[in-house]
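Single-structure report; data block below.
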Amino acid sequence: QVQVAESGGGLVQPGGSLRLSCAASGSIVSIAVMGWYRQAPGKERELVAKITTVGDTNYADSAKGRFTISRNFAKDTLYLQMNNLKPEDTAVYYCIALQYNGLTSWGQGTQVTVSS
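The numbering used here puts the first residue of the sequence shown at 352, with every later residue one more than the last.
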């Protein structure tokens, strides 16, 4: 069993930056992929970025060049560095951990609001 918990959301002005964190606990060695999803009001949940245990990354087109996903294995923590934020990045951001057995753990989400 894996648990994940996000932190680091908040209110930021357009063009600003935020770093989201996701602390993982439980059966860490069973995690194959970690990632970030987001859901804006009235929209479907979408993948933002993901990273494998060997460091392969994948980004949504909207995140490329502005967001960076990384994982600190020593701290069992996933990060999402978000730069040049836009109002359309406003959403609840969720951390996920996909295990080798196919189970996916979701966090409770953290709100990111980009507004002047």
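Note that beta-carbon positions come from the ideal geometry of N, C-alpha and C, so glycine has one too.
Distance between beta carbons of residue j and residue i, contact taken as under 8 Å
i	j	result
Asn-434	Ser-368	5 Å
Ala-383	Tyr-430	Not really, about 18 Å apart at Cβ, beyond 8 Å.
Ala-442	Gln-390	6 Å
Cβ-Cβ distance between residue i and residue j below 9 Å
i	j	result
Ser-376	Val-355	yes
Thr-428	Gly-360	no
Leu-371	Gly-386	no
Alpha-carbon spacing of residue i relative to residue j, whole angstroms
i	j	result
Val-465	Tyr-388	17 Å
Asp-412	Gly-453	25 Å
Ala-487	Cys-373	Since the first residue of the chain shown is 352 and the last is 467, residue 487 is not available in this structure.
Ser-358	Val-463	10 Å
Trp-456	Val-353	Correcting the residue type first, residue 456 is Ser in the shown sequence and not Trp. Approximately 6 Å between the Cα atoms of the pair.
Thr-419	Gly-393	26 Å
Asn-409	Tyr-445	16 Å
Closest by C-alpha distance to residue i, when choosing among the options
i	options	result
Arg-422	Thr-403, Glu-357, Thr-461 and Gln-462	Thr-403
Lys-415	Ala-448, Gln-432 and Val-405	Gln-432
Leu-362	Phe-418, Lys-437 and Val-405	Lys-437
Any non-hydrogen atom of the ligand ADP closer than 8 Å to residue i Cβ
i	result
Glu-397	What this structure holds is no ligand at all, so the ligand ADP is not there to describe.
Residue environment, residue i, which counts as buried when at least 16 other CB atoms sit within 10 Å
i	result
Glu-395	exposed
Glu-439	exposed
Lys-401	buried
Ser-467	exposed
Gly-366	exposed
Gly-458	buried
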